[in-house]
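Note that my numbering has the sequence shown beginning at 952, numbered continuously upward. In what follows, a single structure is set out as structure tokens and then discussed.
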Amino acid sequence: MKSIDTTNSRYITEFHLERVCFERIFDAPGRTGHFSFEAAGKRQFGVMLPEGDVPREGAHYAVILAEKGNWQAVMAWRDLSTPHVYIRETAWQVVGQYAWLAYFGMPAVLGVTFVAFGGWAALAVLGLTVWGGVAYLRHVIRRNRRIEQALLDVPPQAPPGMRLDHTVSWRTRVVKGLASLF
952 MKSIDTTNSR YITEFHLERV CFERIFDAPG RTGHFSFEAA GKRQFGVMLP EGDVPREGAH
1012 YAVILAEKGN WQAVMAWRDL STPHVYIRET AWQVVGQYAW LAYFGMPAVL GVTFVAFGGW
1072 AALAVLGLTV WGGVAYLRHV IRRNRRIEQA LLDVPPQAPP GMRLDHTVSW RTRVVKGLAS
1132 LF
């Protein structure tokens, strides 16, 4: 397990990367995305992956958790046999979540501001709201890019009997051997 610090100058967020082999899958009713599993002698109950994704037994996944050890807070995942990364909260989903607030709430806020403080104050509130929304959306996009890159950096599971240090090319081994002589 490795922690990923997705810190930038304004937001501090830390996620936890775990690599897991699903030895046994149980309590998986259909393709709902809800399941429980056993891995490395430990059982985890009530895991949910959106899009109805239930891993097969023996599959190796890299998973980003929002909280260490909390499998109910899965942020993103990748089946290590594929290059596809699935992120729970995309930028478009964030826009959709807050669009209703802008549609229903902003006319009331702007109306009260206009009546109480005038047109310039209402315009300032509108500008600050748009600026805040764009800043949050940029944060989500940057976070998702970092999460995606962290999951893509996890190497796939090596085939049985193959050691990972043999994946280095022969040229690299020769150069390292020559360098060790000096």
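Glycine included, each C-beta is placed from N, C-alpha and C at the ideal position.
Could you check which residue in Glu1040, Arg1007 and Gln1100 has the C-alpha nearest to that of Pro1001?
-> Taking the sequence shown and counting its residues from 1, one reaches residue 1001 at position 50. Among Glu1040, Arg1007 and Gln1100, the Cα nearest to that of Pro1001 belongs to Glu1040.
Between the CA atoms of Tyr1037 and Asp1004 - distance to the nearest angstrom = As a position in the sequence shown, residue 1004 is number 53, starting the count at 1. As a position in the sequence shown, residue 1037 is number 86, starting the count at 1. Distance from the CA of Asp1004 to the CA of Tyr1037, rounded to the nearest whole angstrom, comes to 10 Å.
Reducing DSSP to helix, strand and coil, say where Trp1051 ends up.
-> Numbered from its first residue, the sequence shown carries residue 1051 at position 100. Helix at Trp1051.
DSSP beta-bridge partners for Met999?
-> Stepping through the sequence shown from its first residue, residue 999 is reached at position 48. Bridge partners of Met999: His985.
Exposure of Val1066, with buried meaning 16 or more beta-carbon neighbours within 10 Å | Locating residue 1066 in the sequence shown gives position 115, counting from the first residue. Under this definition Val1066 is an exposed residue.
If you draw a straight line from the alpha carbon of Leu1102 to that of Thr1033, how long is it in whole angstroms?
-> In the sequence shown, residue 1102 corresponds to position 151, counting from 1. In the sequence shown, residue 1033 corresponds to position 82, counting from 1. The straight-line gap from Cα to Cα measures roughly 11 Å.
Taking buried to mean at least 16 other C-beta atoms within 10 Å of its own C-beta, is Arg1029 buried or exposed?
-> Mapped onto the sequence shown, residue 1029 falls at position 78. Per the 10 Å Cβ criterion, buried.
What residue ranges within the region 1014-1054 form continuous beta strand (DSSP E) runs of no fewer than 3 residues, ordered along the chain?
-> Correct list: 1025-1030 and 1036-1038.
Mind checking whether the beta-carbon of Ala1053 lies closer than 7 Å to any heavy atom of the ligand MG?
-> For the ligand MG, the structure offers nothing, since it holds no ligand at all.
Which value, in whole angstroms, describes the spacing of the CA atoms of Thr1064 and Thr1080?
-> By one-based count along the sequence shown, residue 1064 stands at place 113. By one-based count along the sequence shown, residue 1080 stands at place 129. Roughly 13 Å separates the two Cα atoms.
Spatial neighbours of Val1060 within its chain, please: CB distance less than 7 Å, with the 5 preceding and 5 following residues excluded, ordered by chain position.
-> For the purposes of this step, residue 1060 is identified with residue 109 of the sequence shown, where counting begins at 1. Result list for Val1060: Val1076, in chain order.
Please report how far the alpha carbon of Ala1024 lies from the alpha carbon of Pro1058, in whole angstroms.
-> Reading the sequence shown from its first residue, position 73 is the one you call residue 1024. Reading the sequence shown from its first residue, position 107 is the one you call residue 1058. When rounded, the distance between both Cα atoms is 35 Å.
With DSSP as the reference, label Phe977 as helix, strand or coil.
-> Along the sequence shown, read from residue 1 onward, the residue named residue 977 stands at position 26. It is a strand residue.
Is the Cβ-Cβ distance between Gly1009 and Phe973 less than 8 Å?
-> Taking the sequence shown and counting its residues from 1, the one referred to as residue 1009 is at position 58. Taking the sequence shown and counting its residues from 1, the one referred to as residue 973 is at position 22. Cβ distance < 8 Å, so Gly1009 and Phe973 count as in contact.
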